[in-house]
């Protein structure tokens, strides 16, 4: 039987946010980075926002890879990862040896269709609002 949202925990064993604790656009904006001339959010930041493990988010993407062309999602190079680290763009890269994926606004919009949860839909709306507010 599926666990309730409040019972699911992420890698850091922190409870997943319930609907009352969803991030606001102002909380999301610092996660939006410009890489290869595009505004993107890194997979681990998206996983944090959606309340899932990064591994699970990427598994869903791989199962539905036809929905994610290169202009929706791309894998960072080692140099791009090093550049993010040097900018303190993330607080904890840990010992992760795989290269992260970056999702464009269109790729993030597609994520809600593969994650298939009400939380994913609600978080996605807030992410889209963060992208829009940054264009103003």
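In the working numbering, the protein residues as written are 585 to 720. Glycine included, C-beta positions come from ideal geometry on N, C-alpha and C.
Margin query: Check whether the region 653-667 and the region 628-644 are in contact - that is, three or more C-beta pairs closer than 8 Å.
Written below: At 8 Å Cβ cutoff, the stretches do not touch.
Margin query: Assuming residue 687 and residue 630 are in contact, meaning their beta carbons sit under 8 Å apart, how far apart are those beta carbons, in whole angstroms?
Written below: With 8 Å as the limit, residue 687 and residue 630 qualify as a contact, their Cβ atoms being about 6 Å apart.
Next item on the list: Give a yes or no on whether the C-beta atoms belonging to residue 622 and residue 718 are separated by under 9 Å.
Entry: Not closer than 9 Å, so no.
Check: Any idea what DSSP makes of residue 710, helix, strand or coil?
Finding: Residue 710: helix per DSSP, three-state reduction.
Next item on the list: Determine the contact status of residue 685 and residue 626, defining contact as a CB-CB distance below 9 Å.
Entry: It is a contact, given that the beta carbons lie within the stated cut-off.
Check: Helix, strand or coil for residue 702 per DSSP?
Finding: Residue state, collapsed to three classes: helix.
Check: Looking only at C-alpha atoms, which of 700, 689 and 698 sits nearest to residue 710?
Finding: Closest by C-alpha distance to residue 710, out of 700, 689 and 698, is 689.
Notebook entry, point to check: In the DSSP assignment, what are the bridge partners of residue 658?
Noted result: In the DSSP assignment, residue 658 is bridged to 686.
Next item on the list: Have a look at residue 656 and residue 611 and give me their C-alpha separation to the nearest angstrom.
Entry: Annotation: residue 656 to residue 611 spans about 22 Å, alpha carbon to alpha carbon.
Next item on the list: From the DSSP output, in three-state form, read off residue 645 for me.
Entry: Helix, per DSSP.
Notebook entry, point to check: According to the Cβ coordinates, are residue 608 and residue 633 closer than 9 Å?
Noted result: It is not a contact, given that the beta carbons lie outside the stated cut-off.
Next item on the list: Could you spell out the range, first to last residue, of the beta strand (DSSP E) harbouring residue 617?
Entry: Secondary structure note for residue 617: its beta strand (DSSP E) is the uninterrupted segment 617-619.
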